[in-house]
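First the structure, in the form of structure tokens, and then the observations on it.
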Amino acid sequence: MMATLAAVSAGAFLGGAGRSALSRYPGGWRGTWCANALACAILALNLHAGGLLAAACGTGLAGALSTWSTLASELGRALRTGRAPQAAAYLGATLLVGCALLLVLGR
4 MMATLAAVSA GAFLGGAGRS ALSRYPGGWR GTWCANALAC AILALNLHAG GLLAAACGTG
64 LAGALSTWST LASELGRALR TGRAPQAAAY LGATLLVGCA LLLVLGR
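Using my numbering, the letters of the sequence shown map in sequence onto residues 4 to 110.
Structure representation (structure tokens):
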């Protein structure tokens with residue numbers, strides 16, 4: 004139990020640091036997209052992992068790195084300001100890349 008908690012905490016620390024860095028560079032939609040794509044890749048690579056590795060990388064690292072709430076906020080802001088085509092493209096690219104990474108890397 005304590006080892007799992009420590010593994011998730013360590014992964015979450017690294018994921019949070021990565022998300023913070025991506026929010027500054029490249030920042031904005033690009034930073035959010037990169038964070039979510041990277042989190043999907045990490046999850047896909049850990050699909051068949053178990054134990055502490057899955058806890059650290061899947062739950063901790065990918066969980067803290069991904070930022071679906073920021074994606075929702077950015078999409079809502081785009082829709083409120085009349086940028087529906089850009090919002091649709093952004094959402095589509097996010098879903099497409101996330102699913103593709105899962106299919107390719109999650110074998």
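Quick reminder that beta carbons are idealized off the backbone N, C-alpha and C, glycines included.
Environment of residue i [buried if 16+ CB atoms lie within 10 Å]
i	result
Trp36	buried
Cys102	exposed
Thr84	exposed
Leu82	exposed
Arg22	buried
Ala87	exposed
Tyr112	A query on residue 112 cannot be resolved here, the shown segment of the chain reaching from 4 to 110 and no further.
Leu8	exposed
For residue j and residue i, believed in contact at Cβ under 8 Å, the rounded distance
i	j	result
Ser26	Gly34	5 Å
Ser69	Asn39	5 Å
Val11	Ala58	5 Å
Leu78	Leu99	In fact, because the Cβ distance is near 15 Å, the residues do not count as touching under 8 Å.
Opening and closing residue of the alpha helix (DSSP H) in which residue i lies
i	result
Pro29	Unbroken run through Pro29: none, as it is neither H nor E.
Q: Taking 8 Å as the threshold, find out whether the segment 15-22 comes into contact with the segment 49-66 through three or more Cβ pairs.
A: yes
Q: Count the CB pairs spanning the segment 95-110 and the segment 37-51 that are closer than 8 Å, and state whether there are at least three.
A: yes
Q: Please go through the segment 35-83 and give each complete alpha helix (DSSP H) segment of 4 or more residues, from N-terminal end onward.
A: 71-83
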